[in-house]
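These notes concern the structure reproduced below.
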Amino acid sequence: KYFQLRKDFALAQVQDQMEINEVLDLWHRKFALNMLLILSIGSLIFTPVLFIC
1 KYFQLRKDFA
11 LAQVQDQMEI
21 NEVLDLWHRK
31 FALNMLLILS
41 IGSLIFTPVL
51 FIC
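The sequence shown maps to residues 1 to 53 in our numbering.
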């Protein structure tokens with residue numbers, strides 16, 4: 001019985017780790033997308049300014 005409880009706890013812990021990894025992966029993707037958007041908007045704004053000056 002003790003080993004069954006230990007096995008269930010280990011399975012739950014692995015599932016929690018997978019969920020945390022999925023959340024971190026989502027945050028990583030959102031952060032990367034936002035940074036790409038900021039960089040692209042900045043380059044669109046500052047490239048004509050560079051050519052005018």
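Backbone N, C-alpha and C fix where the C-beta goes; we use that ideal spot for every residue, glycine too.
Sequence-distant Cβ neighbours of T47 in its own chain, meaning closer than 6 Å and more than five residues away, do not exist here.
Our two residues, K7 and V14, have alpha carbons roughly 11 Å apart in a direct line. If you draw a straight line from the Cα of L11 to the Cα of A32, it comes to about 31 Å.
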